[in-house]
Amino acid sequence: PNTRRMFTVMRCNHCDWAPCVTICPVTALYRRADGVVDFNNERCIGCKACMQACPYDALYIDPDSNTAAKCNFCTHRLEVGLEPSCVVVCPERAIIPGDLDDPTSEISQLINRFPTQVRKPEKGTKPKLYYIEGDEAALVPSAAKADGQYLWSGGPELTETENGSATTQVSTPAEIVSPFPDSRSQTHEPRRVYDVRPRKPIWGWAVVSYIWTKSIAAGGFLAAAAARLASPGNSIGLQIVLGLLAMFFLVVTGVLLVVDLKQPKRFLYVLLRPQWQSWLVRGAYIITAYGAVLTLWLLATIFGLYTLADLVLWPGVVLAILTAVYTAFLFAQAKGRDLWQSPLFSMHLLAHAVLGASATWLLVNWIWGLGSGGSLASPHPQVPSPQFPAVALAIALGFSLIAILAECFTVPPTDDARRAIHMILAKPMGGWFWGIGVAVGHIVPLLLLTLGSNLLSASAAVLALVGMGVVEWLWVSVPQRIPLS
């Protein structure tokens, strides 16, 4: 009999510092003078970055317009002196709107009279949705277990174990969980009474692939620059091939970025209607500048204009590094995903660019040797030896392993970040991380490189690229499995 049910409405918090506004690349989201966070779907490109930035799961993709959408506090009603629709239809007056800056307003008086709570105050968003007599079990998604015990329908099977407790993946639009204690284990822990189907990952295969191809696009030029500095004039063929590979993967990266948009026809809005606080915009300009410099360097090298090629070499190296690491700053703006807030993510991406550089160089040498019986790096004493990229790959693998493990053991101090890293290191994704990401992608390539065979070194390069892809897949997908509401 000592049981109660809590009903908690989740909606846009109309934050004073709204991360969805900061990350939006085209100012489709903006904060009005009255404090309402509003939305312009005619500008939205459907990048879904705002959905990742919102810690409250308040945004979604409208299937009719293929743009992001959210509660805008019924601004069309506010402007003619009416209250939001939800306020009007609520039979219990459980939703109170008003002006928080007016001390005489009903909402200000309620907040002053009663203890209130907000969701995730630690995010620093200054949310403007207050709960009177709010219950932590209803406000924090991980506080109430989803144990699969349903009163009016069959529950889903248990699919994961996190931190020793059974959890479920709800597979139907809405499930009802029995509010009564389980007779087999008398417990006073809160349980979910009503739940919704978890969303699919907001950023899926296209974003994973884009990070992987971008690492190779940046690494290809870094390898070409290393060959140029180590052997000016005697490794022109190697430099051109590496530059062409960098250009190819940069083009693929751009295609993947456009493919992932819900409004791909509007992709130029990022460059033509930029919102400069967003790292999506900054990254787009970095990639564009890198592509321009890479093209100029390639043309200068192909046509023998080596003075011009050397002139743009260092700007190209800087832009290649920025191209590799800017995604870490973009992901850091996604405040809804705690694991992405790690300050070591940029080192992780830089390590993968160096890994991409050395692996690409090794593969080019091996393929060239199959076709010509030689190597692009000839035995001439001024030309880098074929062993040079193998040593570079070994160093890159060590750097990558240190960066990834350091990131694993220095996660942000939040429950969601710890849950995400536990899922990566243990169940359900531990086999992928330790088996493919670490063993196949790092340890085995290091062992193969010690044997000195060109074929085995090329195999090490392929395995390193595979391991890199698996690690990026885990880092992108797993944090999105942590529910925000």
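When we follow our numbering, the leftmost residue of the sequence shown carries the number -3, and every step to the right adds one. C-beta: ideal position from N, C-alpha, C; glycine also.
Between L246 and C43 a beta carbon distance of about 19 Å is seen, past the 8 Å cut, so the two are scored as non-contacting.
Within the model, the alpha-carbon separation for E79 versus C70 is close to 8 Å. The three-state secondary structure of T112, taken from DSSP, is strand. Apart from sequence neighbours up to five positions away, the residues of its chain that approach A139 with a beta-carbon distance below 6 Å are E132 and A133, ordered along the chain. Here V189 carries a coil assignment [DSSP, helix/strand/coil].
Fewer than three pairs of CB atoms, one per stretch, sit closer than 8 Å, so the stretch 447 to 463 makes no contact with the stretch 411 to 423. Excluding its 5 nearest sequence neighbours in each direction, R7 has C-beta neighbours in its own chain below 6 Å: C67, listed in chain order. For the pair V467 and A402, the Cα-to-Cα distance works out to about 14 Å. Looking at the DSSP output, L25 sits in a beta bridge with F35. The three-state secondary structure of A64, taken from DSSP, is strand.
A213 places its beta carbon 9 Å or farther from that of G437. For Y322, no pairing in a beta bridge is given by DSSP. DSSP places D334 within a helical segment (H, G or I) once states are collapsed to three. Around the beta-carbon of G431, fewer than 16 other beta-carbon atoms lie within 10 Å, marking it exposed.
Rounded to whole angstroms, Q105 and P99 show a C-alpha spacing of 7 Å. Contact annotation, I41 with Q259: C-beta distance approximately 5 Å; criterion of less than 8 Å satisfied. By alpha-carbon distance to G365, the top candidate from L234, L252, D334 and T303 is L234.
The Cβ atoms of L345 and A328 lie no closer than 9 Å to each other.
Under DSSP, Y302 takes part in no beta bridge, so it has no partner.
For I198, no alpha helix (DSSP H) segment is defined, and its DSSP state is neither H nor E. By the neighbour-count criterion, in which a residue is buried when 16 or more other Cβ atoms sit within 10 angstroms of its Cβ, T63 is buried.
When beta bridges are read from the DSSP output, I128 appears opposite T112. Taken atom to atom, the span from the alpha-carbon of D12 to that of A49 is near 14 Å. When DSSP reads this structure, I57 sits in a beta bridge with A64. For K141, the secondary structure class from DSSP, reduced to helix, strand or coil, is strand. A distance of 9 Å or more separates the beta carbons of W357 and L225.
Cβ-Cβ distances below 6 Å link L397 to H438 in the same chain, with the five nearest sequence neighbours on each side left out; the list follows chain order. Here L318 is not near A399, since their CB atoms are 9 Å or more apart.
One Cα belongs to F3, the other to N36, and the distance between them is close to 31 Å. With distances taken between CA atoms, A65 lies nearest to D34 out of C86, D34 and R89.
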